[in-house]
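Visitor:
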Amino acid sequence: MTFLSPQGPATGLETRAAGITLAVFDVDGVMTDGRLYLDEDGRETKTFHVRDGLGLKRLMQHGVQIAVISGRPSQATAARCAELGITHVHLACADKPAALAALTAQLDIADRAIAIMGDDLPDLALAESLAAGPGLLLAVADAVPALRRAAHWVSAAPGGHGAVRQACDLILDAREAR
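In this note's numbering, the protein residues as written are 5 to 182.
(1) Under a Cβ-count criterion, where at least 16 other Cβ atoms within 10 Å of its own Cβ denotes burial, should THR81 be classed as buried or exposed?
(2) Check for me: the beta strand (DSSP E) holding ALA27 runs from which residue to which?
(3) Have a look at TRP157 and ARG47 and give me their C-alpha separation to the nearest angstrom.
(4) Going by the beta-carbon positions, is the gap between LEU141 and ALA131 smaller than 7 Å?
(5) Verify whether the separation of the beta carbon atoms of ILE90 and VAL28 is less than 7 Å.
(6) Going by beta-carbon coordinates alone, are LEU26 and GLN69 separated by less than 7 Å?
(7) In whole angstroms, what separates the C-alpha of ALA178 from that of ARG116?
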């Protein structure tokens, strides 16, 4: 895999990606396409890409811990995370930076070993909450411009359409290349 940023070959991207031990993902707009589906009873459903799920499982098999931090409550997300074996799940999270700080303290993980993938301004704020910044800031192709500009890497796919898998492959390829 060639490591690319929106501006071309990324200096240090492979090194950053190889050092990741915790990958943090937003849900709406990253693991899904960001649209919310409500049935006639007001129950929410979401669509998740199966390739993203395999990418997440592969990361876990290679020793990378996965966390999901979302501002929205969602039974669909909880069920998908349980199905994938993701145990660090924070839904209806009013303070994403506090949730990440507690998790990294619990796991004793340095900022440089954290990857954060997002699509919107709260995800950028989450990355900025880390004193040293994340080791790797990832954005989906259809993320807001401010996040795309700040990201170390931007997926080719939009959220919910394999972007998470591309990020997982980036990290795995970098770890294998070391």
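Every residue gets a Cβ at the ideal spot worked out from N, C-alpha and C, and that includes glycine.
Guide: Let me spell this out:
(1) buried
(2) 26-29
(3) 35 Å
(4) yes
(5) no
(6) yes
(7) 15 Å
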